[in-house]
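Q: Those sequence lines, one after another, are chains L and F. Counting from 1, position 21 in the first sequence corresponds to residue 21 in the numbering used here; the numbering is continuous, with no gaps. Counting from 1, position 107 in the second sequence corresponds to residue 218 in the numbering used here; the numbering is continuous, with no gaps. For glycine and all other residues, C-beta sits at the position ideal for the given N, C-alpha and C. Please read all numbers here as calculations on a predicted model, not as lab measurements.
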Amino acid sequence: KQEVTQIPAALSVPEGENLVLNCSFTDSAIYNLQWFRQDPGKGLTSLLLIQSSQREQTSGRLNASLDKSSGRSTLYIAASQPGDSATYLCAVGTSGSRLTFGEGTQLTVNP
Amino acid sequence: ETGVTQSPTHLIKTRGQQVTLRCSSQSGHNTVSWYQQALGQGPQFIFQYYREEENGRGNFPPRFSGLQFPNYSSELNVNALELDDSALYLCASSLPSRGIRTEAFFGQGTRLTVV
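Quick look at the structure:
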């Protein structure tokens with residue numbers, strides 16, 4: 001059974017800091033890995049999708065890496081801003097297109 | 112905006128009642144998945160529909176059922192509601208291609224409260 005763990009559970013940083021969110025998964029037989037952002041009480045916004053054959057994806061200030069063999073992914077956020085405050089969820093895509101999610105990292109960026 | 116719309120946005124039901132939640136997928140997407148997200152937890156996979164057929168199910172009892180229509184919109188039905196069914200219900204649509212699992216796009220969710 002696939003299990004996804006995100007560390008840390010919560011993170012508070014000053015504005016402008018670069019930060020790294022971590023995601024690990026137990027079964028390396030994945031199709032892809034997707035990072036999402038969730039604002040309180042809202043749905044999920046897709047940030048980055050990495051296919052299993054790729055090593056990283058970049059979008060603006062965000063960079064996500066994938067190491068399938070070690071079962072790890074990181075989301076790097078450069079020059080953090082208060083508007084980045086949200087919960088970040090990592091999800092691995094497995095058979096049948098289902099996503100298995102971690103419990104998220106709650107990020108607070110202080111002005 | 113992802114193009115995935117869910118209705119209603121909020122709902123309050125009494126224990127034992129039945130509820131139907133609705134989802135309109137992004138244009139052209141033939142696969143719809145439903146997830147349950149309890150407070151403070153990550154979403155949990157309920158089931159998926161592909162071209163009107165159930166295509167995988169998570170660890171949820173049979174009182175959770177669904178439908179997908181020819182226009183690829185979908186419903187989630189929950190019978191005999193329990194207090195623990197209180198959660199945010201999320202719908203996601205995608206368009207799988209051969210050998211590649213494509214990006215999933217989520218709606219804003221339906222907040223169900225069972226009292």
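Using a Cβ cut-off of 7 Å, pull out every chain L residue sitting near F/GLN128, in sequence order please.
A: Ordered by position in chain L, no residue passes the 7 Å Cβ test against F/GLN128, which lies about 23 Å from the chain.
Q: With a cut-off of 8 Å, do at least 3 Cβ pairs link the segment 64-77 of chain L to the segment 112-125 of chain F?
A: no
Q: Give a yes or no on whether the minimum CB-CB distance between L/SER73 and chain F is below 9 Å.
A: So no, L/SER73 is outside the interface.
Q: For my contact list, L/LEU33 and L/LEU66 are in at a C-beta cut-off of 8 Å; report their separation, rounded to the angstrom.
A: 5 Å
Q: Less than 9 Å between the C-beta atoms of F/PHE217 and L/LEU44, yes or no?
A: yes
Q: Strictly under 9 Å for the Cβ-Cβ distance: is F/ALA191 near chain L by that measure?
A: no
Q: Near L/GLU56, what residues of its chain come up, given a Cβ to Cβ distance below 8 Å and the 5 sequence neighbours on each side ignored?
A: Cβ within range, chain order: ILE50, ASN63, ALA64, SER65 and LEU66.
Q: Quick one: list the residues of chain L neighbouring F/ALA149, beta-carbon separation under 8 Å, in chain order.
A: Near F/ALA149 there are no residues of chain L at all, since even the closest Cβ is about 10 Å away, more than 8 Å.
Q: Taking CB distances under 9 Å as the criterion, tell me whether L/THR45 reaches chain F.
A: Interface residue, yes.
Q: Put L/ASP27 into one of helix, strand or coil per three-state DSSP.
A: coil
Q: Tell me where the beta strand (DSSP E) around F/PHE168 begins and ends.
A: The question names Phe, but residue 168 of chain F in the sequence shown is Arg. It spans 164-168 - the beta strand (DSSP E) in which F/ARG168 sits, taken as one unbroken run.
Q: Which word fits F/LEU194, buried or exposed, when buried means at least 16 other C-beta atoms lie within 10 angstroms of its C-beta?
A: Answer is exposed; the Cβ neighbour count stays below 16.
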